[in-house]
Amino acid sequence: MLARDSYIQARSASEINNIVRGVIDLTLGIATQGYFDPSTPVEDVDLACLVNADFHELAARHGGIAVLDEAEEQRLRAEGRDRVHLDHLRRLVRSAGGEQVISDAGLRSRLEHIGVSAREQTTAQDRLLMHRAISEGQRRAAFFNDPRVISSGDPLHYLMTEGGALTARSTRNQNAPKTPSSAAPVVEPATPPVSETGDSPFLSTLIDQIVENIVSAGVWTEGVGEDARRLLKQFVWMIGDKPCLEYSQKDVAIFRRELWKMPNTVRVQSIWHLSYAKAKSSFAPITDTNRRSNKTMNKDLSYISTFSKQMAAAGYWPENFINPLALATKVTPQEKSSGRVPWTPGHLEAIFSCPIYTGNGGSGRRLKKGDVVYQDAAYWLPLLAAYQLGRRDEHAGHLVTDFVLDHGTPHMLIRPNAFRGLKTSESDRFIPIHPRLLELGFREFVEAAAARGEERLFPELWLNAVKTGGDQYYSVSWKKVMTWLRDQPGIVIPRAPGGKEADFHSIRSTGLSQLDRHDINQNIVKDIAGHAREGTTATSYQKLLASGGLEDVLQERLKVLMRLPDYAAEVRRHPLKVMHVKVRTR
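Last residue of the sequence shown: 667 (this note's numbering), numbering continuous.
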């Protein structure tokens with residue numbers, strides 16, 4: 082006979098029915114509002130419904146966290162989702178920041194709104210039901226203008242009572258409303274309009290393809306590619322969409338002029354459903370604090386320059402068709418030096434005293450005091466940056482095979498792989514592992530990852546196709562560490578003269594500044610940092626390995642690393658505990 086506790090953890094069938102019907106009813110009321118607004122294009126409302134439906138389906142499939150990995154993208158493409166739909170879905174997933182889409186408090190509030198009592202024992206089941214029902218409600222809403230719904234005379238009642246049959250019968254390529262194929266931003270057509278020809282397709286249709294080519298060639302990382310893609314779509318939104326050969330240097334100059342008028346606080350993707358002419362009327366006045374910096378302007382122009390070269394290589398533009406860098410702004414020495422400010426050793430000591438290192442509440446509560454310390458990217462990346470002086474993406478992209486632990490001085494290899502490019506050829510290097518990391522259990526962490534058959538040291542950073550590697554770490558962990566740090570008494574975040582706060586990259590800057598001493602060989606520091614040497618080039622790893630000279634070089638570099646302040650001296654070693662990959666670093 083089953084124990085009573087084995088079945089009271091689940092909702093009854095009637096309770097499930099009440100939750101599902103209540104949530105679908107509420108979702109239909111919210112999702113169909115746009116159809117009653119004559120100023121909102123029907124296609125935009127269709128798209129919003131279908132994207133939101135997929136978003137909540139992703140959350141339902143991944144324990145309440147919207148995960149858009151490669152497998153999910155392939156599934157959605159196979160079901161007929163086009164590029165525009167996936168672009169919107171990626172942005173929505175990114176905005177969730179890797180957190181539970183519906184928090185525990187939000188779940189209780191929604192249940193109470195539909196007259197259902199929240200129950201702690203059924204939280205996981207309720208969350209799954211909530212996401213499934215919201216997804217179903219959004220899909221039904223997208224049939225608002227279906228002839229069967231319109232002819233009923235009462236669209237909302239029909240969608241509530243008969244909508245399930247519509248969604249069950251439909252497929253993305255047959256009966257369901259189609260995702261519009263235009264670019265995400267609302268763009269104004271060129272004036273005068275020019276017919277598209279085979280030799281000069283509209284620029285909006287080429288952006289994704291050209292950006293993907295640049296990323297595939299290794300010129301841009303995925304993160305840079307996303308930034309550039311947004312900027313180029315912003316260009317089309319602001320200048321107007323037209324056959325690509327109809328653009329000119331004048332258009333780039335106009336774009337630059339308009340960027341100067343746009344406060345840096347504007348989040349373009351939140352307003353480009355409007356026309357640019359309408360959106361800019363609500364911009365705040367430009368001030369010293371919201372003015373775009375010269376460095377940012379030059380970076381944007383460099384994105385367009387790289388894009389234009391690839392357009393020429395692909396045969397869409399002639400060579401030197403436009404010259405964005407001719408519009409670059411001079412950056413003063415003060416502006417150059419105001420970019421990144423280092424932390425002080427005291428700041429890093431404070432970071433290593435946070436609950437991630439002393440005991441926390443687990444996934445989603447890593448900055449809340451608790452009894453257990455978990456090891457993952459949230460735990461190790463700040464330590465690696467502080468003691469190994471690597472770049473964020475270098476350490477985020479480690480393979481398990483990057484570590485040599487049983488031959489001579491334990492060391493790590495930083496080299497290109499499928500998940501990590503390198504900034505320069507000098508970035509390909511080897512670094513002894515600092516004893517502090519070994520004392521905290523880094524060897525055991527690496528060996529355990531290998532024993533689990535994991536290829537990447539931090540696989541949790543590669544689950545989301547929208548953000549990966551260092552970008553994902555920054556989004557789901559580092560930003561929370563910064564929030565925690567700001568709340569600590571007596572802590573003031575360092576800020577450069579230009580206003581930029583210290584960030585994760587500043588950890589590396591801190592270490593390099595600590596090693597900038599007259600009695601430390603700066604060529605060795607450059608070898609550790611992956612910077613170009615002056616004079617003789619550093620000997621390669623393979624040559625040193627073959628000649629037997631590797632150990633001497635490792636010891637030489639280790640002596641330099643030992644000159645770093647011991648920021649984590651107060652961190653106590655804890656038993657190795659690693660969570661399921663889907664809830665690590667959260």
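C-beta atoms are modelled at their ideal positions from N, C-alpha and C, and glycine is treated no differently.
Rounded to whole angstroms, what is the Cα-Cα separation between Ser190 and Trp353?
Rounded to the nearest angstrom, the two C-alpha atoms are 32 angstroms apart.
Distance CB(Arg337)-CB(Leu408) smaller than 9 angstroms
Cβ atoms of Arg337 and Leu408: closer than 9 angstroms.
Through-space distance from Arg576 to Val422, alpha-carbon basis:
When rounded, the distance between both Cα atoms is 6 angstroms.
Give the secondary structure of Asp207 by DSSP, where H, G and I count as helix, E and B as strand, and everything else as coil.
DSSP places Asp207 within a helical segment (H, G or I) once states are collapsed to three.
Report, in whole angstroms, the separation of the C-beta atoms of His169 and Leu128, which I expect to be a contact under 8 angstroms.
Between Leu128 and His169 the Cβ distance is about 7 angstroms, and since that is below 8 angstroms, they are a contact.
Rounded C-beta distance between Phe136 and Ala147? I'm assuming under 8 angstroms.
Phe136 to Ala147, Cβ: 6 angstroms. Contact.
In angstroms, rounded to a whole number, what distance separates the CA positions of Ile295 and Lys323?
Their Cα atoms are separated by approximately 22 angstroms.
Cβ neighbours of Trp341 in the same chain (closer than 6 angstroms, five flanking residues each side left out):
Taken in chain order, the list of residues that qualify is empty.
Of all the options Leu313, Met343, Asn345 and Val347, which has the alpha carbon lying nearest to the alpha carbon of Asp332?
Here the closest residue by C-alpha is Leu313.
Close Cβ partners of Thr591 (< 7 angstroms) along its chain, the five nearest in sequence each way excluded
The beta carbon of Thr591 sits closer than 7 angstroms to those of Pro423, Trp424 and Leu429, all from its chain and outside the five residues before and after it, given in chain order.
Taking only runs of the beta strand (DSSP E) that begin and end inside the region 503-584, which ones reach a length of at least 3 residues, in chain order?
Within the region 503-584, the beta strand (DSSP E) runs of at least 3 residues that lie entirely inside it are, in chain order, 510-513.
If you follow the beta strand (DSSP E) that His612 is part of, which residue opens it and which one closes it?
Premise fails: His612 is in no beta strand (DSSP E) and is neither H nor E.
Helix, strand or coil at Ser281 according to DSSP, with G and I counted as helix:
Here Ser281 sits in strand by DSSP.
One or two residues paired with Met378 in a DSSP bridge
Answer is none; Met378 lacks a bridge partner.
Check this for me: beta carbons of Phe484 and Leu635, under 9 angstroms apart or not?
Phe484 places its beta carbon 9 angstroms or farther from that of Leu635.
Boundaries (first-last residue) of the alpha helix (DSSP H) holding Met319
Met319 -> alpha helix (DSSP H) spans Glu303 to Ile320.
Pro426: which of Asp227, Leu645 and Gln603 sits nearest, CA to CA?
Taking only the C-alpha atoms, the option nearest Pro426 is Leu645.
Let me know the alpha helix (DSSP H) ranges lying completely inside the region 437-471, each 4 residues or longer, listed in chain order.
Scanning the region 437-471 from its first residue to its last, the whole alpha helix (DSSP H) runs of 4-plus residues come out as 458-469.
Could you tell me the boundaries of the beta strand (DSSP E) in which His492 lies?
In the DSSP assignment, His492 falls within the unbroken beta strand (DSSP E) covering His492 to Ile495.
Same chain, Cβ closer than 7 angstroms to Gln181, neighbours up to 5 away in sequence not counted:
Take Gln181, set aside five residues on each side of it, and the residues of its chain with a beta-carbon closer than 7 angstroms to its own are Gly145, Ile146 and Gly445, in chain order.
Ile146 - partner residues in DSSP beta bridges
Within the DSSP secondary-structure output, Ile146 pairs in a beta bridge with Gln181.
In chain order, what residues of the same chain lie with their CB nearer than 8 angstroms to the CB of Arg164, ignoring the 5 residues before and after it?
Asp289, listed in sequence order.
Between the beta-carbon of Arg638 and the beta-carbon of Pro513, is there less than 9 angstroms?
At the C-beta level, Arg638 and Pro513 come within 9 angstroms of one another.
Mind checking who Pro324 pairs with in its DSSP beta bridge?
According to DSSP, Pro324 bridges with Phe283.
Continuous alpha helix (DSSP H) stretch holding Lys640: start and end
Counting along the chain, the alpha helix (DSSP H) containing Lys640 begins and ends at Leu631 to Leu642.
Cβ distance (whole Å) where Ala177 is taken to contact Leu188 below 8 angstroms
Taking a contact as a CB-CB distance under 8 angstroms, the pair Ala177 and Leu188 does not count as one, their CB atoms being some 15 angstroms apart.
Quick check: the Cα distance between His655 and Phe225, rounded to an integer number of angstroms?
Straight-line measurement puts the Cα of Phe225 at about 56 angstroms from the Cα of His655.
Sequence-distant residues of its chain with Cβ nearer than 7 angstroms to Tyr397 (five each side left out)
Within the same chain, Tyr397 has close Cβ partners Leu287 and Cys325.
Bounding residues of the alpha helix (DSSP H) (the contiguous stretch that carries Ser95)
It spans Ala94 to Ala112 - the alpha helix (DSSP H) in which Ser95 sits, taken as one unbroken run.
Expressed to the nearest angstrom, what Euclidean distance is found between the alpha-carbon atoms of Asp150 and Ala546?
If I take the Cα positions, the gap works out to 4 angstroms.
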